[in-house]
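For reference, the structure is listed below as structure tokens.
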Amino acid sequence: MVISDENNPILIKPTRSQGAQFGVEMRNNRRALGVINQNLAGAHPYHRVVNKRALSEVHEICDKNLLHSDHRPITRKYAAQIASAQPPCPEESKKSNSSSTQNLTIWEDCPITDVEEDKVCTDHPVPMALEQTETMPDEKDQMEVEMEDIFEDAILDIDNTNAKNPLAVADYVDDLYAYYRKMESCSCVSSNYMAQQFDISDRMRAILIDWLIEVHYKFELRDETLFLTVNLIDRFLAQQAMVRKKLQLVGLVAMLLACKYEEVSVPVVDDLIFISDKAYSRKELLEMERLMLNALQYNMSVPTPYVFMRRYLKAAESDKKLETLSFFLVELCLVEYEMLRFPPSFLAAAAVYTAQCTLYGFKQWTKTCEWYTSYSEDQLLECSKLIVSFHDKAAAGKLTAVHRKYSTSKLGCTAKCQPAHFLVGSKQ
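Note that this note's numbering numbers the sequence shown so that position 292 is 820, with each residue one more than the last.
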């Protein structure tokens, strides 16, 4: 028959055995199942949920209360009996009336009931809240360990917190650093360019940079200025032969150009002449500035280790202590001529890795650091060993400007940290 209103017609077809009462009973059953779903949270499944393995072992049912030949809807009373019922033992099942199980059928994917109730069963899927899956303790422990490994090795999105900060340029910061990686070859020089210099040596270069680090600290200039100053010196000396008495003038002009590019308040020329003990005149300084700019073709925008340090420290989730130690180690590398063979990005990654090992006392290089630096721990180990050796002898000898700079309370006495000697003794 058809029951309809003006908008929603509904067609209900009664079965032969139940006639017109089938639709009513269906609604009662659904209402009863909803009650069980709300009141049996955490209890055993009701009698429609069958354990196949248990049935295959017992093959008989000894509880007559589970049979509802009159198709009565499941109520709270029956649900309570089902929840408190214990599984039948084999001896009791043998004593049960065999005639009560003759009309039962065991289905692979359907609960135990008579033929007429099977029709209702097909229309009532088991509620998900009543399904229970048992997990062995070993499986749970293994799952927890695997989840811990996943979270430990997960690659963090270090730009997620800066999505709304326009100064962080989170939308194209990856493209920006990809461009830096592509252009860093332009800022690199040959690691043996001193071979073409007839009057200066790598030792003289080290003395010059050690002095400039002290001048940079006294003038309270930005970190970017120091890295760009050293870059300009190396690039200029790689193209222009220079006598040793002009080497200090090259350093002063390189710092002047770096200040004009990076600083807001630039030191005046007279100040630079004064710190050189008036060894050069104003005319000589301006003439060297013109010569250096022409030799470099006015190319001042080059990626230095500083720009990579900021990115890699962010990937390492650094604090102030790790940041200061990383800059201490990378400034030690600026003095050493042999470190020119490493690209700026590689040198920055090695400094951050060595700083982490120095602070924590064990090897520390996460998947996030490896992802954003594109360098693995094995690749950085050789450079890191050299950095540890520089750290070990930083307070010895005459070139101690970096050690004295980072021994101040302003920089947290970072130079007093013990070097990571275990990296030197480790195998690659």
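Cβ atoms here follow ideal geometry from the backbone N, Cα and C, with glycine treated the same way.
Is it the case that the Cβ atoms of residue i and residue j are separated by a distance below 9 Å?
{"i": "SER854", "j": "ALA883", "result": "yes"}
{"i": "ALA876", "j": "PHE918", "result": "no"}
{"i": "LEU754", "j": "LEU909", "result": "no"}
{"i": "SER873", "j": "THR896", "result": "no"}
{"i": "TYR865", "j": "SER912", "result": "no"}
{"i": "ARG869", "j": "SER719", "result": "yes"}
{"i": "LEU957", "j": "MET867", "result": "Here the chain covers residues 529 to 956 and nothing more, so residue 957 does not appear."}
{"i": "LEU800", "j": "GLN768", "result": "no"}
{"i": "ILE728", "j": "ARG772", "result": "yes"}
{"i": "ALA943", "j": "SER935", "result": "yes"}
{"i": "GLU1030", "j": "LYS921", "result": "A question about residue 1030 goes unanswered here, because the residues of the chain that appear run from 529 up to 956."}
{"i": "ASP738", "j": "THR928", "result": "yes"}
On a Cα-Cα basis, can you pick out the residue from the options that is closest to residue i?
{"i": "LEU824", "options": "LYS895, LEU887, ARG763", "result": "ARG763"}
{"i": "ALA948", "options": "ASP906, CYS941, VAL930, LEU887", "result": "LEU887"}
{"i": "ALA706", "options": "ASP920, TRP899, ALA922", "result": "TRP899"}
{"i": "LYS926", "options": "ALA734, GLN724, ASP699", "result": "ALA734"}
{"i": "THR803", "options": "LEU785, SER829, MET732, GLN776", "result": "Looking at the sequence shown, residue 803 is not Thr but Ile. The residue with the shortest Cα to Cα distance from ILE803 is GLN776."}
{"i": "ARG932", "options": "LEU860, VAL771, ILE801", "result": "LEU860"}
{"i": "ASP730", "options": "LEU765, LEU914, LYS944, GLN946", "result": "LEU765"}
{"i": "PRO831", "options": "ALA691, ASP685, ARG709", "result": "ARG709"}
{"i": "GLY889", "options": "ASP703, ASP687, LEU951", "result": "LEU951"}
{"i": "PRO833", "options": "GLN892, ALA879, GLU742", "result": "ALA879"}
{"i": "LYS938", "options": "THR689, LYS746, VAL916", "result": "LYS746"}
{"i": "LEU852", "options": "ALA786, VAL796, CYS945", "result": "Looking at the sequence itself, residue 852 is Thr, so the reference to Leu does not match. The residue with the shortest Cα to Cα distance from THR852 is CYS945."}
{"i": "ALA682", "options": "ALA786, TRP893, ASP751, CYS787", "result": "TRP893"}
{"i": "PRO871", "options": "TYR903, LEU695, ALA843, ALA923", "result": "TYR903"}
{"i": "ALA723", "options": "ASN688, LEU695, LEU736, MET770", "result": "MET770"}
{"i": "GLU752", "options": "VAL858, GLN907, ALA696", "result": "VAL858"}
{"i": "ILE915", "options": "CYS885, GLY940, CYS941", "result": "CYS885"}
{"i": "PHE856", "options": "VAL930, ALA696, VAL701, ASP685", "result": "VAL930"}
{"i": "ASP685", "options": "LEU736, ASP699, LEU749", "result": "ASP699"}
{"i": "MET732", "options": "LEU695, LYS774, ASP798", "result": "LYS774"}
{"i": "VAL797", "options": "CYS787, ARG810, VAL743, ASP805", "result": "ARG810"}
{"i": "LEU749", "options": "GLY940, LEU821, THR689, LEU785", "result": "LEU785"}
Worksheet item: Taking three-plus beta-carbon pairs below 8 Å as touching, is the region 704-714 in contact with the region 739-759?
Response: Two segments are said to touch when three or more pairs of C-beta atoms, one from each, lie closer than 8 Å; by this definition the region 704-714 does not touch the region 739-759.
Fill in: Cβ pair count under 8 Å reaching 3, the region 842-857 against the region 792-803
Flag = no, the region 842-857 and the region 792-803 do not touch.
Item to complete: Count the C-beta pairs between the region 766-784 and the region 797-816 that are closer than 8 Å, then say yes if the count reaches three, no if not.
Response: Verdict: yes, contact present.
Item to complete: Quick one: which unbroken alpha helix (DSSP H) runs of 4-plus residues sit fully inside the region 832-880? Chain order, please.
Response: Those alpha helix (DSSP H) runs which fall completely within the region 832-880 and span 4+ residues are 833-843, 848-863.
Fill in: 4 or more residues per run - each alpha helix (DSSP H) lying fully within the region 702-729
Entirely contained in the region 702-729, not one alpha helix (DSSP H) run reaches 4 residues.
Fill in: Contiguous alpha helix (DSSP H) assignments of at least 4 residues, all confined to the region 720-794
Unbroken alpha helix (DSSP H) runs of no fewer than 4 residues, entirely contained in the region 720-794, are found at 730-746, 751-765, 775-790, following chain order.
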